[in-house]
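Under my numbering, the letters of the sequence shown match residues 1 to 136, in that order. This report concerns only the one structure given below.
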Amino acid sequence: MAWDREGRWLLTRITALKDRPSVGRILFIHPDDPFEQLQQVVNAMAISADDIRPFTRCIRCNRPLSEIEKSSAADRMPDYVWERAERVYACPGCGRIYWRGTHSRHVRDRIRQIFGERSPNGNSRRQSAMETPADD
Ligand SMILES: [Zn+2]
Numbered sequence: 001m002a003w004d005r006e007g008r009w010l011l012t013r014i015t016a017l018k019d020r021p022s023v024g025r026i027l028f029i030h031p032d033d034p035f036e037q038l039q040q041v042v043n044a045m046a047i048s049a050d051d052i053r054p055f056t057r058c059i060r061c062n063r064p065l066s067e068i069e070k071s072s073a074a075d076r077m078p079d080y081v082w083e084r085a086e087r088v089y090a091c092p093g094c095g096r097i098y099w100r101g102t103h104s105r106h107v108r109d110r111i112r113q114i115f116g117e118r119s120p121n122g123n124s125r126r127q128s129a130m131e132t133p134a135d136d
């Protein structure tokens, strides 16, 4: 399997794959709730808060986000959001626009819950980009 040759794990809920040793490295996901699923992965893979870089990639195409001039996004954001946004980011692949908003605060709260109260960006070497997709 390609993911196994690349040193990756398959995360799945497909029970038919659960006990097939020929498939490769598999983590079978048990919970139904998405945040409980994430908690299982974090625990099973011993992922720490310093391992993650939330809000740095496009949620649509996974490319790293780049900060752009706020003025260039004025016609692609709601006026009230554009006026309040300090920084604006864009995906160089699909062009989707991101900014820090209430959605990102909720996600950060969930990340803190998943990792215990540690900050998801406690490591100052990393700078987290942004935030809320333009069409949410
Ligand atoms: Zn994208």
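Just so you know, even glycine gets a beta-carbon here, dropped at the ideal spot from N, CA and C.
Since residue i contacts residue j with CB under 8 angstroms, what's their CB separation in whole angstroms?
{"i": "residue 101", "j": "residue 81", "result": "7 angstroms"}
{"i": "residue 11", "j": "residue 41", "result": "6 angstroms"}
{"i": "residue 85", "j": "residue 70", "result": "6 angstroms"}
Could you give the distance in angstroms between the alpha-carbon of residue i and the alpha-carbon of residue j?
{"i": "residue 17", "j": "residue 116", "result": "31 angstroms"}
{"i": "residue 156", "j": "residue 99", "result": "Residue 156 is absent from the structure shown; the chain starts at 1 and stops at 136."}
{"i": "residue 13", "j": "residue 68", "result": "38 angstroms"}
{"i": "residue 77", "j": "residue 97", "result": "8 angstroms"}
{"i": "residue 106", "j": "residue 74", "result": "24 angstroms"}
{"i": "residue 113", "j": "residue 30", "result": "19 angstroms"}
{"i": "residue 140", "j": "residue 19", "result": "Residue 140 cannot be examined here, being either before or after the span of the chain that is shown, 1 to 136."}
{"i": "residue 47", "j": "residue 83", "result": "37 angstroms"}
{"i": "residue 103", "j": "residue 109", "result": "10 angstroms"}
{"i": "residue 38", "j": "residue 79", "result": "34 angstroms"}
{"i": "residue 51", "j": "residue 26", "result": "20 angstroms"}
Which of the three DSSP states is assigned to residue i in this structure?
{"i": "residue 6", "result": "coil"}
{"i": "residue 48", "result": "coil"}
{"i": "residue 15", "result": "helix"}
{"i": "residue 111", "result": "helix"}
{"i": "residue 96", "result": "coil"}
{"i": "residue 64", "result": "strand"}
{"i": "residue 28", "result": "strand"}
{"i": "residue 85", "result": "coil"}
{"i": "residue 105", "result": "helix"}
{"i": "residue 53", "result": "coil"}
Between the options, which lies nearest to residue i when the distance is taken from Cα to Cα?
{"i": "residue 63", "options": "5, 15, 92", "result": "92"}
{"i": "residue 56", "options": "88, 32, 37, 30", "result": "88"}
{"i": "residue 8", "options": "114, 59, 45", "result": "45"}
{"i": "residue 24", "options": "15, 53, 5, 49", "result": "5"}
Given that a residue counts as buried once 16 or more other Cβ atoms are within 10 Å of its Cβ, and exposed if not, what is residue i?
{"i": "residue 111", "result": "buried"}
{"i": "residue 61", "result": "exposed"}
{"i": "residue 59", "result": "exposed"}
Checklist entry - In chain order, what residues have a CB nearer than 6 angstroms to some heavy atom of ligand 3? => result Of the ligands this structure carries, namely ligand 1, none is ligand 3.
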